[in-house]
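So the protein sequences, as listed, match chains A and B.
Residues 1 to 510 (the UniProt record's numbering) make up the first sequence, in order.
Residues 1 to 510 (the UniProt record's numbering) make up the second sequence, in order.
Think of the CB as a built atom: it goes at the ideal place given N, C-alpha and C, for glycine as much as any other residue.
Quick caveat, the model's predicted, so the values are computed rather than measured.
Data first, discussion second: the structure below is written as C-alpha cells.
Number of protein chains: 2
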Amino acid sequence: MALSTVTRNHLMVPHQPITNRFNMVQAQQHAVLDHPKSKTPNRATRLAESLSHVLHLNNVPSSRANHKNFNLDLLRDHEQNHSTPTMSPRENISEKWREIQGCSDWENILDPLHPWLRREIVKYGEFAQATYDAFDYDSFSEYCGSCRYNRNKLFEKLGLTRNGYVVTRYIYAMSHIELPRWLERSHVADTWSKDSNWIGFVAVSDDEETRRIGRRDIVVAWRGTVAPCEWYEDFQRKLDPIGHGDAKVEHGFLSIYSSKSETTRYNRSSASDQVMKEVIKLVKFYKEKGEEVSLTITGHSLGGALALLNAYEAALTIPNLPISVISFGAPRVGNIAFKDELHQMGVKTLRFVVKQDWVPKMPGLLFNESLKMFDELTGLEWVYTHVGAELKLDVHSSPYLKSGMNLPGFHSLETYLHLIDGYLSTETPFRSEARRDVALVNKSCDMLVDELRIPHCWYQLANKGMVCNTHGRWVKPKRDPDDIPSHTSEVCNHDFGFEMPTYRMSLVSP
Amino acid sequence: MALSTVTRNHLMVPHQPITNRFNMVQAQQHAVLDHPKSKTPNRATRLAESLSHVLHLNNVPSSRANHKNFNLDLLRDHEQNHSTPTMSPRENISEKWREIQGCSDWENILDPLHPWLRREIVKYGEFAQATYDAFDYDSFSEYCGSCRYNRNKLFEKLGLTRNGYVVTRYIYAMSHIELPRWLERSHVADTWSKDSNWIGFVAVSDDEETRRIGRRDIVVAWRGTVAPCEWYEDFQRKLDPIGHGDAKVEHGFLSIYSSKSETTRYNRSSASDQVMKEVIKLVKFYKEKGEEVSLTITGHSLGGALALLNAYEAALTIPNLPISVISFGAPRVGNIAFKDELHQMGVKTLRFVVKQDWVPKMPGLLFNESLKMFDELTGLEWVYTHVGAELKLDVHSSPYLKSGMNLPGFHSLETYLHLIDGYLSTETPFRSEARRDVALVNKSCDMLVDELRIPHCWYQLANKGMVCNTHGRWVKPKRDPDDIPSHTSEVCNHDFGFEMPTYRMSLVSP
Numbered sequence: 001m002a003l004s005t006v007t008r009n010h011l012m013v014p015h016q017p018i019t020n021r022f023n024m025v026q027a028q029q030h031a032v033l034d035h036p037k038s039k040t041p042n043r044a045t046r047l048a049e050s051l052s053h054v055l056h057l058n059n060v061p062s063s064r065a066n067h068k069n070f071n072l073d074l075l076r077d078h079e080q081n082h083s084t085p086t087m088s089p090r091e092n093i094s095e096k097w098r099e100i101q102g103c104s105d106w107e108n109i110l111d112p113l114h115p116w117l118r119r120e121i122v123k124y125g126e127f128a129q130a131t132y133d134a135f136d137y138d139s140f141s142e143y144c145g146s147c148r149y150n151r152n153k154l155f156e157k158l159g160l161t162r163n164g165y166v167v168t169r170y171i172y173a174m175s176h177i178e179l180p181r182w183l184e185r186s187h188v189a190d191t192w193s194k195d196s197n198w199i200g201f202v203a204v205s206d207d208e209e210t211r212r213i214g215r216r217d218i219v220v221a222w223r224g225t226v227a228p229c230e231w232y233e234d235f236q237r238k239l240d241p242i243g244h245g246d247a248k249v250e251h252g253f254l255s256i257y258s259s260k261s262e263t264t265r266y267n268r269s270s271a272s273d274q275v276m277k278e279v280i281k282l283v284k285f286y287k288e289k290g291e292e293v294s295l296t297i298t299g300h301s302l303g304g305a306l307a308l309l310n311a312y313e314a315a316l317t318i319p320n321l322p323i324s325v326i327s328f329g330a331p332r333v334g335n336i337a338f339k340d341e342l343h344q345m346g347v348k349t350l351r352f353v354v355k356q357d358w359v360p361k362m363p364g365l366l367f368n369e370s371l372k373m374f375d376e377l378t379g380l381e382w383v384y385t386h387v388g389a390e391l392k393l394d395v396h397s398s399p400y401l402k403s404g405m406n407l408p409g410f411h412s413l414e415t416y417l418h419l420i421d422g423y424l425s426t427e428t429p430f431r432s433e434a435r436r437d438v439a440l441v442n443k444s445c446d447m448l449v450d451e452l453r454i455p456h457c458w459y460q461l462a463n464k465g466m467v468c469n470t471h472g473r474w475v476k477p478k479r480d481p482d483d484i485p486s487h488t489s490e491v492c493n494h495d496f497g498f499e500m501p502t503y504r505m506s507l508v509s510p
Numbered sequence: 001m002a003l004s005t006v007t008r009n010h011l012m013v014p015h016q017p018i019t020n021r022f023n024m025v026q027a028q029q030h031a032v033l034d035h036p037k038s039k040t041p042n043r044a045t046r047l048a049e050s051l052s053h054v055l056h057l058n059n060v061p062s063s064r065a066n067h068k069n070f071n072l073d074l075l076r077d078h079e080q081n082h083s084t085p086t087m088s089p090r091e092n093i094s095e096k097w098r099e100i101q102g103c104s105d106w107e108n109i110l111d112p113l114h115p116w117l118r119r120e121i122v123k124y125g126e127f128a129q130a131t132y133d134a135f136d137y138d139s140f141s142e143y144c145g146s147c148r149y150n151r152n153k154l155f156e157k158l159g160l161t162r163n164g165y166v167v168t169r170y171i172y173a174m175s176h177i178e179l180p181r182w183l184e185r186s187h188v189a190d191t192w193s194k195d196s197n198w199i200g201f202v203a204v205s206d207d208e209e210t211r212r213i214g215r216r217d218i219v220v221a222w223r224g225t226v227a228p229c230e231w232y233e234d235f236q237r238k239l240d241p242i243g244h245g246d247a248k249v250e251h252g253f254l255s256i257y258s259s260k261s262e263t264t265r266y267n268r269s270s271a272s273d274q275v276m277k278e279v280i281k282l283v284k285f286y287k288e289k290g291e292e293v294s295l296t297i298t299g300h301s302l303g304g305a306l307a308l309l310n311a312y313e314a315a316l317t318i319p320n321l322p323i324s325v326i327s328f329g330a331p332r333v334g335n336i337a338f339k340d341e342l343h344q345m346g347v348k349t350l351r352f353v354v355k356q357d358w359v360p361k362m363p364g365l366l367f368n369e370s371l372k373m374f375d376e377l378t379g380l381e382w383v384y385t386h387v388g389a390e391l392k393l394d395v396h397s398s399p400y401l402k403s404g405m406n407l408p409g410f411h412s413l414e415t416y417l418h419l420i421d422g423y424l425s426t427e428t429p430f431r432s433e434a435r436r437d438v439a440l441v442n443k444s445c446d447m448l449v450d451e452l453r454i455p456h457c458w459y460q461l462a463n464k465g466m467v468c469n470t471h472g473r474w475v476k477p478k479r480d481p482d483d484i485p486s487h488t489s490e491v492c493n494h495d496f497g498f499e500m501p502t503y504r505m506s507l508v509s510p
C-alpha cells in the first residue's frame, strides 16, 4: 500500500460549499485540467489509512523506502544540470486560475499533481521561504528580528523578482504571552524594537503576472519559527474563541496574530490589523479598477497557522473574495467549528505535509509518546483538527534525500519545496524533470545525501556580516538606512481614503 | 598573590648553555632592553606556586578575577578605535635581535614584557594563525585538508604581507597510526590526497624586514589541530626514542612529524624531510651570501609540539644556527633527556600558556580528574616535561573576555594573541594601548563579552563557498587551478645543488 497519498481530513463535511467565492466555470476548466488517469481513492480506505498512521506514529517502514537504491545516474544528471533553468516555463493559466486556486477543492489535480498547480505552489512556497531567508537572526544585531532589506529590495535580493510580484507592506507581530523562541530577541539594549518581529509581508502581482494568472493576486506570506519543537513544548493546549460562533483556536497562535500594545513602535496595531488594512485597501483599489482579485495566504510551520487565522478573518470581513491558503508543514490550529466555519465561508485550504514531519501532528501528539497515552491523545486529536485538502509528501520518495531521523530536516520548508517539485503522483517515482535547485534543500539543514557534496546549513553571510575596514579592523557595518525598519513608513498610514497608494508606481512600471 | 606570573620550568637545569648559538653581545643589549623595574621571583616560591596550581587543577579562583568590573569605558574606546592601527609601529630591532630571540632566555624582558618582544611574538603568532585561517576544513571539498591558496598568495589573502615575509614552501604530513581528528579527511573519493594534510609552511624575511630585524629570519609555522580534546583521548602515552641519546618523545607527535609512504603523492618524504631540506637550502643560500641567519619555529597546540621536534632536528643537523621556538598552548612533548638535549644544543624556547587552557597540561593531566588519581598523574607529569621559558597568561586579565568555562575558547590561538597583546606584566592590568583587533578573538570561538556585540565563530565563507550561477543554481565553483595542491611543485625538487632557488626572485624584489 502506498503511504504517500492524497487524503482530505477525515472529519471534513461533504463538499457543499455554502459560499462559492470563486464563481468559476468548472466544466470548462475540468476539460483542460483533468488528468486522464486521475483516481478517487475510496473514502473508507483513506480513513483507515489515516488512523493507521496515527496508531503507528507514522513510523511504519514505507514500502517505497525499499526503492531507495541510490541513483547515481540521477546525481550525474544533477551535476550536468548546473546550467539548466530552475523552473518550469511560465504558462498562461488565466483561463484556469480558479481551479488551480482550489475552487473544486483540488479534486483531480493533486494525484497526479497538475504541472500548472505545482508551479504555482512552488511560487507561493518561495514567498514563504523569503520570510526566513531575509530575516535577521543575529542576536547581537540591533535589528535582530527585523527584515534585513526594505520591502522594495526584498525580492530583488532573494532572486524572486521573476515571480512577478511587488511587496506593498511588511507585517510585524508581538505577543502578550511568553512564548520562548517564537519570537527572536536582540541581546542588545538599543534595539529597533524590544517587542516586535517582522512576521511577513503583503505583495501583489504586477501587470504582466496578472495577465498570465488571470487575476490580480494579493499574497500574504507569514513567517514561521525556527524551533517548532521548542514552541511545541510551550503549547498551552488552551483554546480561545474566534469569530461569533463556536470556533476556537490555539491561544499562542492567536496571541501572535492579534496582540498589540500602545507602548510599542511596530505593534500599536496588531499583525491582524496591519494585514487586514492592507488587504482591504488593495482589494478595494483593484476592484474599483474593475479587476478580478484573489487573495492567497501562505506560510510554513507557525506561518501556516497564522495563514489560517488570517484567512478566517479575511473571509469574515471581505465578501466574495476568492481566498486560498497554501500551507507547508503547518500544525493544527483550531477546533471542528473553526474548520466548519472556514469551509462554510468558502476558504480553500491546501496543506502540504511531509509524513515524517512531526509539526503537522501538533497539537495532538507528543514526541516520545508511548501508545498507552493514546487515549488521552485521541482526545486532543479530536479537539484540534486540520482543515482542507492535504497532499502527503514522503522523504523516501527523493533519491537526493537522506532518510535517517532528522526532525529539522523533515520540517524544513526547502525540503517541502524539493519534494513538491519532484512529486508526480502517489504511484510514480520522483519526477526526473524536477527543476528546482536541489542544493537549496541544505540551506539550513543536513538532508542531502553526501554524494551530492552540498555542505549542510550553507546559507550564511560571509564572516557573519563582519567586514575588514581600511585599518584592518573587523567591524559590523551600519545597516543601509533604507533597510532600517521604520515604523512611520509602515504603520502611520491611518488614512483610509484610497488616494493613490504609495506602491502604485511600482506596480505600473515594476 | 598574582597568579599570572612568569615561571620557567622547575625542572630546568641552571642556565649554562653548552652551545651558544646566538653569538650575541649581551652587555650592550641589556643596556637597552632591561626594564628598570624588572624582578626575579624567588625560585622556591615559583616551584611552590607551580605545584599548587597542579594540585588545584588550576581552578583556584584568581584574585584578579575580582578586578573584573566590566570596564565600559574600555568598550567605548574599543568602538571609537575602529579607525586606529592594529599593530604597534615597526621599530628597528636589528641591534637587539639576539636577545629578543632568547639568547639570554628572555631574562628581564618577559616581566614586564618588552614591547619589541611583544611585537615579534604577535608576528610569529600570526604565522601560526595563518595555518588555521587558510586551511580547507570542508569535508565535502575534494581539497579538504589542503591550503585554500597557493603559497604565493597566502599572506596576501590573509592580510599578512605587512609582516615582510615570503613563503618558500608548504609542508605536508601524514601518519602511520590512527589518530582520529588529528588530520582532516575528505568525505569524497576523488580527493587531492587520501593521506596527507597541509601542516605548515616555511617562509623567509624579505630584504626590508631583514634590515629591520638584523638578520635573515627563516620561519617555520606548524598547524595545530581543531580538537585537542579528542586527540588527547587518543594519546597512547607511549614514548618513542629520538636522536642518539636517551631523549624520547610522544609517539603520536613523532608519527605526524616523520611518517612517509611511497604510495602517497605528498608524503613520499615526511614532514621532517620536507622542512629540513627547505631550511638547509635556505640557510646555505643566505650564509653563502654572507648574511646572518636565524631560524624561528612557531606553532599552536599540536603545532607547538611539532615545532619542538623540528627544533630538535634542526639543532642536531645545522651547527651554529640560532634556533628559537615560540609556541602557544602547546602540550608536553618529551622526557627530561629530550628537554636537556634541547637545552644543551642551545635551542631557545618560549612557551605561552593560558592558565585556564588544559592542553599545555597534557600529557599528564586528564579532564575530569579527581584528586585520588593524582599519584598516578604525577608519574606522567615527571615523564613528560615542558621545555624552556614560559609566560603565563590569564583569561581574567582581559576586560574583553568572558571568564566562564570555555575550553575551546581558552585554547584558541586568537585568545592567546589577544592576551599577549594586552600583557604588560604580572603586576599591571590589561594594557590600555593594546592594538590588536579584539574582534579577532571570536573568529572561531565565543570568548568576547556580549557587550562588544561581536558574533561568535564569525570567521566563515559566504554560503560556505557556494555561489549562485547565472542559471540561478547554487554550485561550488572549481578551485582556481593555481590553488590546487601540486605535489610536483612542492615535492619533486630532489636536486640539492643550490642553483638559483625558485623563490629567489620574490625575495630580491618582493
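Is DSSP giving Asn442 (chain B) helix, strand or coil here? helix
So, is Ser94 (chain B) buried or exposed, given that buried needs 16 or more other C-beta atoms within 10 angstroms? Result: exposed.
Please list the residues of the segment 83-106 of chain A that have a C-beta atom closer than 7 Å to any C-beta atom in chain B, keeping them in chain order. Residues passing the 7 Å Cβ filter: Ser83, Thr84, Pro85 and Thr86.
Do three or more CB pairs link the segment 299-308 of chain A to the segment 323-330 of chain A at distances below 8 Å? yes
From the beta carbon of His411 (chain B), is the nearest beta carbon of chain A less than 8 Å away? no
On a CA-only basis, which of B:Leu407, B:Met362 and B:His396 is nearest Thr385 (chain B)? Give me that one, please. B:Met362
Residue span of the alpha helix (DSSP H) that contains Ile213 (chain A), given as start and end: Here the alpha helix (DSSP H) through Ile213 (chain A) covers Asp207 to Ile213.
Simplified DSSP assignment, three categories, for Lys260 (chain B): coil
Within the same chain, show all residues whose beta-carbon is closer than 6 Å to that of Arg43 (chain B), passing over the 5 residues directly before and after it, in chain order. Because the pLDDT at Arg43 (chain B) is just 44, under 50, the model does not fix this residue reliably, and the value given afterwards should be weighed accordingly. Within the same chain, Arg43 (chain B) has no close Cβ partners at all.
With Lys402 (chain A) and Val353 (chain A) assumed to form a contact (beta carbons below 8 Å), what rounded beta-carbon distance in angstroms separates them? Contact doesn't hold; Cβ gap of about 19 Å is too wide.
Determine, for Gly346 (chain B), whether the minimum Cβ-Cβ distance to residues of chain A falls below 8 Å. no
Using a C-beta cutoff of 8 Å, does Pro477 (chain B) count as contacting chain A? no
Simplified DSSP assignment, three categories, for Trp97 (chain A): helix
Given a threshold of 16 other Cβ atoms within 10 Å of its Cβ, counted over all protein chains shown, does Pro477 (chain A) qualify as buried or as exposed? exposed
Cβ-based contacts, 9 Å cut-off: residues of the segment 132-153 of chain B near chain A: Asp138, Ser139, Phe140, Ser141 and Glu142
For Val167 (chain A) versus Leu158 (chain A), is the C-beta distance shorter than 8 Å? no
Strictly below 7 Å CB to CB, what residues from chain B border Tyr416 (chain A)? None at all; the shortest Cβ gap to chain B is about 18 Å.
Would you grab the beta carbon distance between Val473 (chain A) and His82 (chain B) for me? Rounded to a whole angstrom, and I think it's under 8 Å. For clarity, residue 473 (chain A) is Arg in the given sequence; the question names Val instead. The pair is a contact, with the Cβ atoms about 5 Å apart (cut-off 8 Å).
Three-state secondary structure (DSSP) at Thr298 (chain A)? strand
Take Ala173 (chain A) as the anchor and find which of A:Leu254, A:Glu107 and A:Ala130 has the nearest alpha-carbon. A:Leu254
Return the CA-CA distance between Val441 (chain A) and Ser398 (chain A), expressed in angstroms with no decimal places. 12 Å
In the segment 455-474 of chain A, which residues sit with their C-beta less than 9 Å from some C-beta in chain B, listed in chain order? Pro455, His456, Cys457, Trp458, Tyr459, Gln460, Leu461, Ala462, Asn463, Lys464, Gly465, Met466, Cys468, Asn469, Thr470, His471, Gly472, Arg473 and Trp474
In the DSSP assignment, find the unbroken alpha helix (DSSP H) run with Lys157 (chain A) in it and report its ends. Per DSSP, the unbroken alpha helix (DSSP H) holding Lys157 (chain A) starts and ends at Leu154 to Lys157.
Rounded to the nearest angstrom, what separates Asn406 (chain A) and Asp340 (chain B) at their Cα positions? 55 Å
Going along chain B, which residues have a C-beta under 8 Å from Asp437 (chain A)? Gly472, Arg473 and Trp474
For Leu321 (chain B), go through chain D and note every residue whose CB falls closer than 9 Å to its CB, in chain order. Considering every chain present, this structure includes no chain D. Its protein chains are A and B.
Applying a beta-carbon distance threshold of less than 9 Å, which residues of chain A neighbour His401 (chain B)? A small fix is needed here, since residue 401 (chain B) is Leu in this sequence, not His. Chain A residues near Leu401 (chain B): none, gap ~16 Å exceeds 9 Å.
Do you know how far the Cα of Val359 (chain B) is from the Cα of residue 511 (chain B)? The structure shown has nothing for residue 511 (chain B), since chain B only spans 1 to 510.
What's the call for Tyr170 (chain B), buried or exposed, on a 16-neighbour Cβ count within 10 Å? Answer is buried; the Cβ neighbour count reaches 16.
Neighbour flag for Arg118 (chain B) against chain A, beta carbons, 8 Å: no
Return the bridge partner residues of Pro241 (chain A) from the DSSP annotation. A:Lys248
Anything in chain A within Cβ reach of residue 511 (chain B), meaning under 8 Å, just list it in chain order. It is not possible to answer for residue 511 (chain B), since the shown part of chain B is limited to 1 through 510.
Can you tell me where the alpha helix (DSSP H) holding Lys123 (chain B) begins and where it ends? Pro115 to Asp133
Can you find a CB in chain A that lies within less than 8 Å of the CB of Val6 (chain B)? Only weak support is given to the placement of Val6 (chain B): the predicted model assigns it a pLDDT of 36, under 50, and the question is left unresolved by the model.
Residue-level contact to chain A via CB, Gly164 (chain B), 8 Å cutoff: no
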